[in-house]
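Chemist:
Numbering (the working numbering), first residue to last: 1477 to 2160.
#1: Would you mind sorting residue 1620 into buried or exposed? The rule is 16 or more other CB atoms within 10 Å of its CB.
#2: To the nearest angstrom, report how far apart residue 2045 and residue 2085 are at their CA atoms.
#3: Closer than 8 Å is the cut-off here; do at least three beta carbon pairs connect the segment 1916 to 1933 with the segment 1993 to 2004?
#4: Taking C-beta to C-beta, are residue 1892 and residue 1827 nearer than 9 Å?
#5: How about residue 1693 and residue 1682: do their beta carbons lie closer than 9 Å?
#6: Quick check: the Cα distance between residue 1606 and residue 1697, rounded to an integer number of angstroms?
#7: Could you work out which residue in 1495, 1655 and 1547 is closest to residue 1729 when comparing CA atoms only?
#8: I want to know whether the segment 1588 to 1604 touches the segment 1513 to 1523 - three or more CB-CB distances under 8 Å.
#9: Take the Cβ of residue 1559 as the centre, count every other Cβ of all protein chains shown within 10 Å, and call the residue buried at 16 or more, exposed below.
#10: For residue 1912, does the count of other Cβ atoms within 10 angstroms reach 16, so buried, or fall short, so exposed?
#11: Which class does residue 2066 belong to by DSSP, given the choice of helix, strand or coil?
#12: Between residue 2033 and residue 2067, what straight-line distance do the alpha-carbon atoms span, to the nearest angstrom?
#13: Count the other CB atoms, across all protein chains shown, that sit within 10 Å of the CB of residue 1845; report buried if there are 16 or more and exposed otherwise.
#14: Going by the DSSP bridge assignment, what does residue 1894 pair with across the sheet?
#15: State yes or no: is the C-beta of residue 1469 within less than 9 Å of the C-beta of residue 1522?
#16: So the beta strand (DSSP E) residue 1815 belongs to, where does it begin and stop?
#17: Buried or exposed for residue 1914, please, with buried defined as at least 16 other CB atoms from any protein chain shown within 10 angstroms of its CB.
#18: Hey, would you say residue 1724 sits closer than 9 Å to residue 1700, going by beta carbons?
#19: For the candidate residues 2087, 1534 and 2054, whose alpha-carbon lies nearest to that of residue 1650?
#20: On the DSSP bridge assignment, give the partners of residue 1538 in chain order.
#21: Which whole-angstrom value is the C-beta distance of residue 1810 and residue 1790, which I expect to be below 8 Å?
#22: Looking only at its own chain, which residues have a Cβ that is under 6 Å from the Cβ of residue 1489, when we skip the five neighbours before and after it?
#23: Between which residues of its own chain and residue 1574 is the CB-CB distance below 7 Å, once the five residues before and five after are set aside?
#24: Quick check on residue 2042: does DSSP put it in helix, strand or coil?
#25: Taking the continuous alpha helix (DSSP H) assigned at residue 1691, which residues delimit it?
#26: Does DSSP put residue 2118 in a helix, in a strand, or in coil?
#27: So with Cβ pairs under 9 Å, would you call residue 1792 a contact of chain C?
#28: If contacts are defined as beta-carbon pairs under 8 Å, then residue 1635 and residue 1665 qualify, I think. What distance do you get, rounded to the angstrom?
#29: Do residue 1928 and residue 1967 count as a contact pair if the criterion is CB distance below 9 Å?
#30: Answer yes or no: do residue 1808 and residue 1902 have a C-beta to C-beta separation smaller than 9 Å?
#31: In angstroms, rounded to a whole number, what distance separates the CA positions of residue 2106 and residue 2095?
#32: Buried or exposed for residue 1640, please, with buried defined as at least 16 other CB atoms from any protein chain shown within 10 angstroms of its CB.
#33: Of the choices 1577, 1585 and 1930, whose alpha-carbon is the least far from that of residue 1705?
#34: Just grab the DSSP bridge partners of residue 1823 for me.
#35: Using a Cβ-Cβ cutoff of less than 8 Å, which residues in the same chain neighbour residue 1642 once the five nearest sequence positions on both sides are dropped?
#36: Which residue marks the beginning of the alpha helix (DSSP H) containing residue 1676, and which one marks its end?
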């Protein structure tokens, strides 16, 4: 016996010890960190411990059988004596370890394989149902778990490759099953370490591994059970290695990719009819495939050190999860090509800081086939979006019927408000809150609700109503409030636009509301018509509405002072007269006509007085002449428009005068002569 014959046994027992340690460590870390996937992984590691335990027993029996063979060979090489004449029978009786090994490999290996398959199947079902249970608390310490998983993966990978390398010896081939299951554990631990490092960004990797573990254990359990059944009917050739049932062929493809290449080469040789695998090109490709894959992998990995930031974007670089430099400033990248440390040392997160983004407040938009919000006319009687929310607003208290008595003075309206914003501080936007966009939506809803409690939606107040001219002022006010709240919470965004074009009453009340709007407009038209008539009358009366109200106020003061008997009555009267004299319009006209009439009457009476005085003097001077003159004047005035006839008679009435009373036209020759002479002068 040489020392090397004990090597696979040592590897098996050492691997068993490591897997048990890894099982305990993973089970403890899973409970401590509250990550169920770590506990699930510990059961997969424990299934590998069972395989290593069986391999340890197998190689222990082989070691004992080899020692027994050496002892028998030593006895047979000695001097022949009478006591050893029946050496063949005695050797057969002393080959106890060989019989134990044969019994173990014939019966106990399949039994252990079935037990391992049963364990893997039960644990797969347990893990599958355990995934649906809620964890006891929030997971924690993901980075510590990632470091522990990396250490387990590294050690498991080394032991797996060492055991698989030893399995190249024909007598040590059983080590391949342990190396395969340990390699699977190493891959799962490494993938889980990556997932834990990415939990800050996403939980997808951890969720995928949670599904992979029970599926893998279930597949291995089925494969092992099928192999046990097939081994019953598979012929056993003496001196040929009989593969154990728990030696997975599926894991062997990953554990020994060279075997897959040899199988592919054999298939190619069979298809082409000659040894393609013996050509120089295939030999070159076989030697260069691994270096080329390594070169491609390294190149692909090093390419993660280059970052291209597009126009209108900014990027934040996290170094081991920290986005701040030593001086406390964020590590930002601007537009262009930049370099960083390869992943996972540095990770880059890019955001479109120059692009105007949008959140939908009060509604959920209807999306088209491209995922963009549909645009259409905003009609009050139709729904605009897939889902619309109501906003509670205050209304003025009015006289109501007994049925509505006690109802609060509030109303419900539909408020579809798109809020446009831009990222102005990327670090605050990313790290100030876990979900900045949701926080922004909450702030918008809060400010909108607060604004709705103090706003006005009265139809008869169109200038201040949200349904009328008050939208512009409301838009500015709401934008200012949202921006102030955003700054207070340090969201790192700039509010660009708050759109209020989608404010309308509920669809089922649109017709009634429009009827109310029509009635209010009719009422306002009547009011405006009355005000127009009032202004026209006051303007005609006093020249302007303001002057009419001023005169009315002075009249009121004068009448009040008159009732009180105030001493300032005279001064108020003069002031009132002065105001009336300075007025315009109908008052000015009436006052001027009254003044003209008074002046006329005064002057007429003065003339009458002066004439009477002259008449008295004329009467006194020549009484008969005065009277005759008055008589003639009276006759002239009385007969001014009467045709008069003069009849001349003598004193004896002996002269008879005949008058032709027929209407005749007399030509005024003198007027005709004057007209003719004037025409001649104008012609010259």
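Positions of the beta carbon are idealized from the N, C-alpha and C atoms, including for glycine.
Modeler: Taking the geometry as given:
#1: Taking the chain shown and counting its residues from 1, the one referred to as residue 1620 is at position 144. It is exposed - the Cβ of residue 1620 has fewer than 16 other Cβ atoms within 10 Å.
#2: Numbered from its first residue, the chain shown carries residue 2045 at position 569. Numbered from its first residue, the chain shown carries residue 2085 at position 609. A direct Cα-Cα distance of roughly 37 Å separates residue 2045 from residue 2085.
#3: The way I'd put it, the segment 1916 to 1933 doesn't touch the segment 1993 to 2004; fewer than three beta-carbon pairs between them come closer than 8 Å.
#4: Counted from its first residue, the chain shown places residue 1892 at position 416. Counted from its first residue, the chain shown places residue 1827 at position 351. Cβ distance not < 9 Å, so residue 1892 and residue 1827 don't count as in contact.
#5: For the purposes of this step, residue 1693 is identified with residue 217 of the chain shown, where counting begins at 1. For the purposes of this step, residue 1682 is identified with residue 206 of the chain shown, where counting begins at 1. Not in contact: residue 1693 and residue 1682 (Cβ atoms no closer than 9 Å).
#6: Your numbering for residue 1606 matches position 130 in the chain shown. Your numbering for residue 1697 matches position 221 in the chain shown. One C-alpha to the other measures close to 18 Å.
#7: The sequence position of residue 1729 within the chain shown is 253, counting from 1. Checked all of 1495, 1655 and 1547; the closest Cα to residue 1729 is 1655.
#8: Taking 8 Å as the limit for Cβ pairs, the verdict is that the segment 1513 to 1523 does touch the segment 1588 to 1604.
#9: Numbered from its first residue, the chain shown carries residue 1559 at position 83. Low confidence applies here, because residue 1559 scores a pLDDT of 48, under 50, leaving its location unreliable; read the following figure in that light. Classification of residue 1559: exposed, given that the 10 Å Cβ count is below 16.
#10: Position 436 of the chain shown, counted from the start, is the residue given in the question as residue 1912. Counting Cβ neighbours within 10 Å, residue 1912 comes out buried, since at least 16 surround it.
#11: The residue you call residue 2066 lines up with position 590 of the chain shown. Looking at residue 2066 - three-state DSSP - the assignment turns out to be helix.
#12: Along the chain shown, one-based indexing puts residue 2033 at 557. Along the chain shown, one-based indexing puts residue 2067 at 591. Distance from the CA atom of residue 2033 to the CA atom of residue 2067, rounded to whole angstroms, is 21 Å.
#13: Here residue 1845 refers to the residue found at position 369 when the chain shown is read from its first residue. Answer is exposed; the Cβ neighbour count stays below 16.
#14: Position 418 of the chain shown, counting from 1, holds the residue named residue 1894. DSSP, once it has assigned bridges, lists 1836 as partnering residue 1894.
#15: Residue numbering for the chain in the displayed model covers 1477 to 2160; residue 1469 lies beyond these limits and cannot be assessed.
#16: The residue given as residue 1815 occupies position 339 in the chain shown. Residues 1812 to 1815.
#17: One-based indexing of the chain shown puts residue 1914 at position 438. By the neighbour-count criterion, in which a residue is buried when 16 or more other Cβ atoms sit within 10 angstroms of its Cβ, residue 1914 is exposed.
#18: To locate residue 1724, count along the chain shown from 1; it is residue 248. To locate residue 1700, count along the chain shown from 1; it is residue 224. The answer is yes: Cβ separation under 9 Å.
#19: Locating residue 1650 in the chain shown gives position 174, counting from the first residue. Out of 2087, 1534 and 2054, the CA that lies nearest to the CA of residue 1650 is found in 1534.
#20: The residue given as residue 1538 occupies position 62 in the chain shown. Its beta-bridge partners do not exist; DSSP assigns none.
#21: Taking the chain shown and counting its residues from 1, one reaches residue 1810 at position 334. Taking the chain shown and counting its residues from 1, one reaches residue 1790 at position 314. Right, the Cβ-Cβ distance comes to about 7 Å (below 8 Å), so this counts as a contact.
#22: What you label residue 1489 is simply residue 13 of the chain shown in a count that begins at 1. Cβ contact annotation for residue 1489 (same chain, cutoff 6 Å, sequence separation greater than five): 1532, in chain order.
#23: Position 98 of the chain shown, counted from the start, is the residue given in the question as residue 1574. Closer than 7 Å at the Cβ level, and outside the excluded window around residue 1574, lie 1541 and 1544.
#24: As a working mapping, residue 2042 is identified with position 566 in the chain shown. DSSP places residue 2042 in coil when its eight states are reduced to three.
#25: Taking the first residue of the chain shown as position 1, residue 1691 is located at position 215. Segment 1680 to 1709, the alpha helix (DSSP H) holding residue 1691.
#26: If you number the chain shown from 1, residue 2118 lands on position 642. Coil.
#27: Included in the structure is just one protein chain, with no chain C present.
#28: Residue mapping note: residue 1635 aligns to position 159 of the chain shown, counting from 1. Residue mapping note: residue 1665 aligns to position 189 of the chain shown, counting from 1. About 12 Å separates the two Cβ atoms, so there is no contact after all.
#29: The sequence position of residue 1967 within the chain shown is 491, counting from 1. The sequence position of residue 1928 within the chain shown is 452, counting from 1. It is not a contact, given that the beta carbons lie outside the stated cut-off.
#30: Taking the first residue of the chain shown as 1, we reach residue 1808 at position 332. Taking the first residue of the chain shown as 1, we reach residue 1902 at position 426. Contact check for residue 1808 against residue 1902 passes: the beta carbons are separated by less than 9 Å.
#31: Locating residue 2106 in the chain shown gives position 630, counting from the first residue. Locating residue 2095 in the chain shown gives position 619, counting from the first residue. Taking the straight line joining both Cα atoms gives about 10 Å.
#32: Within the chain shown, the letter at position 164 stands for residue 1640. Result: buried.
#33: The residue given as residue 1705 occupies position 229 in the chain shown. When each option's Cα is compared against that of residue 1705, the closest is 1585.
#34: Taking the chain shown and counting its residues from 1, one reaches residue 1823 at position 347. Residue pairing of residue 1823 in beta bridges, as defined by DSSP: 1794.
#35: Within the chain shown, residue 1642 is the residue found at index 166, counting from 1. Around residue 1642: 1483, 1484, 1487, 1648 and 1651.
#36: Taking the chain shown and counting its residues from 1, the one referred to as residue 1676 is at position 200. DSSP places residue 1676 in no alpha helix (DSSP H); its state is neither H nor E.
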